[in-house]
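The sequence shown runs 0 to 268 under numbering that gives the first Met the number 0.
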Amino acid sequence: MTISPFQQRITTALDAVRQQRPLVHNITNKVVMNFTANGLLALGASPIMADAIEETVDVVNLASALVINIGTPSARTGMVMKCAVNHAHNTGKPWVLDPVGAAATRFRLDTARLMLEYRPNVVRANASEIQALYTGELGGKGVDSTETPEAVESLAMTAARDWQTTIAITGATDLITDGYKQVRLHNGHLMMASVTGTGCLATALTGAFLAVEGDGLTAVTTALSVLGIAGERAAAEVAGPGSLHGKLLDELYLLTPDILNQHLKLEEQ
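Written out as structure tokens, the structure reads:
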């Protein structure tokens with residue numbers, strides 16, 4: 000089997016997380032906090048779930064990467080997030096933004112667009128969230144997307160170049176771009192959409208890979224590949240989403256570079 004240089008970087012990033020066990024600072028939503036922490040541990044990273052403003056600077060300094068997820072926003076968490084991303088930006092700490100539900104309400108959209116000003120290395124979201132984030136216009140269906148990644152492809156390419164970031168639009172096919180290169184991923188399973196927090200876990204895993212891989216395109220592609228393949232393997236062995244939740248963590252823990260290369264369905268452009 001021929002492995003491209005980009006695919007080799009993905010494999011290397013997986014090994015690097017297992018070897019370095021980076022500390023990933025998560026300011027995330029209350030619905031998924033336990034699941035994302037366990038997912039990071041299963042992968043081989045070390046999570047810290049800290050959202051007290053009194054220690055924000057200290058924790059950002061300690062961590063190797065920062066993950067911001069606005070899934071359950073409030074005025075208090077908005078201030079903590081702003082403090083964290085400001086310090087990350089000023090110190091060169093890599094960070095990833097997940098603008099959960101940004102297309103649904105003005106408060107969420109304004110919060111997400113404020114975070115955007117501090118230049119995340121990666122933005123991971125569904126198509127409606129990306130459209131809202133970069134146009135300022137509401138839409139979508141709650142936290143679910145009413146658009147496809149292909150529908151906002153041109154917008155994402157332009158926004159990634161303008162904001163000097165990597166944008167990952169997740170859906171049936173994941174579309175990832177840094178404004179110049181595009182990657183499409185076809186891994187994953189429909190059952191994953193019936194487990195809350197799989198998208199949030201993808202963002203948390205992106206933080207882990209950002210900590211060991213300076214290139215945002217490689218980091219988020221690795222995260223989505225790893226999660227998608229783990230989801231496929233888990234879904235093949237369970238009866239439904241209740242069992243999938245635990246089995247997904249098992250498959251993250253058991254994933255090897257050989258399994259990754261064997262199952263990866265990736266297109267580079």
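Ideal placement from N, C-alpha and C gives every residue a C-beta, glycine not left out.
Just so we're clear, the structure is a prediction, and the values are computed from it rather than from any experiment.
{"Item": "From this set, Gln130, Glu152, Leu204 and Ala158, which residue's C-alpha is nearest Tyr252's C-alpha?", "Value": "Leu204"}
{"Item": "Restricting to Cα atoms, I'd like to know which of Val66, Ala150, Val16 and Leu189 is closest to Ser127.", "Value": "Ala150"}
{"Item": "Taking the straight line between their C-alpha atoms, what separation do you get for Leu108 and His185?", "Value": "29 Å"}
{"Item": "By how many angstroms is the C-alpha of Thr1 removed from the C-alpha of Thr303?", "Value": "Since the first and last residues shown for the chain are 0 and 268, residue 303 lies out of range."}
{"Item": "What's the gap between the Cα of Ala87 and the Cα of Thr55?", "Value": "10 Å"}
{"Item": "How should Ala159 be labelled, buried or exposed, when 16 other C-beta atoms within 10 angstroms of its C-beta is the threshold for buried?", "Value": "buried"}
{"Item": "Can you tell me the Cβ-Cβ gap for Leu96 and Val79, rounded? I've got them flagged as a contact below 8 Å.", "Value": "The Cβ separation is near 14 Å, so there is no contact."}
{"Item": "Assign Ile69 to one of three DSSP states: helix, strand, or coil.", "Value": "coil"}
{"Item": "Which of the three DSSP states is assigned to Arg123 in this structure?", "Value": "strand"}
{"Item": "Please state if the CB of Thr169 and the CB of Leu223 are separated by a distance shorter than 8 Å.", "Value": "yes"}
{"Item": "List in chain order: all unbroken alpha helix (DSSP H) runs of 4+ residues lying wholly within the stretch 60-114.", "Value": "74-90"}
{"Item": "Buried or exposed: Ala41, going by 16 or more other Cβ atoms within 10 Å of its Cβ?", "Value": "buried"}
{"Item": "Using DSSP's beta-bridge definition, name the partner residues of Leu22.", "Value": "Ser45"}
{"Item": "When burial is assigned at 16 or more other CB atoms within 10 Å of the CB, is Leu61 buried or exposed?", "Value": "exposed"}
{"Item": "In this structure, how does DSSP classify Ala167 when only helix, strand and coil are distinguished?", "Value": "strand"}
{"Item": "Hey, is the stretch 199-213 in contact with the stretch 238-246, meaning 3+ C-beta pairs nearer than 8 Å?", "Value": "no"}
{"Item": "Can the beta-carbon of Gly196 be found less than 8 Å from the beta-carbon of Val16?", "Value": "no"}
{"Item": "So is Asn120 buried or exposed if we call it buried at 16+ other beta carbons inside 10 Å?", "Value": "buried"}
{"Item": "Please classify Pro4: is it buried, with 16 or more other beta-carbons within 10 angstroms of its beta-carbon, or exposed?", "Value": "exposed"}
{"Item": "Could you name the residues of the same chain whose beta carbon sits closer than 6 Å to that of Gln19, not counting the 5 residues immediately before and after it, in chain order?", "Value": "Val211"}
{"Item": "From the DSSP output, read off the bridge partner residues of Asp173.", "Value": "Leu184"}
{"Item": "I need the DSSP call for Glu236, collapsed to helix, strand or coil.", "Value": "coil"}
{"Item": "Indicate the three-state DSSP secondary structure (helix, strand or coil) for Leu137 in the structure shown.", "Value": "coil"}
{"Item": "So, at 8 Å on beta carbons, what are the nonlocal neighbours of Ala12 in its own chain, with the 5 sequence-adjacent residues on each side left out?", "Value": "Phe208, Val211, Glu212, Thr217, Ala218 and Thr221"}
{"Item": "List the DSSP bridge partners of Leu265.", "Value": "Leu184"}
{"Item": "For Lys29, name the three-state secondary structure that DSSP assigns.", "Value": "coil"}
{"Item": "Go ahead and pull the three-state DSSP assignment for Ala51.", "Value": "coil"}
{"Item": "Measuring only the C-alpha atoms, how far is Pro269 from Ala64?", "Value": "Any question about residue 269 goes unanswered here, given that the chain covers just 0 to 268."}
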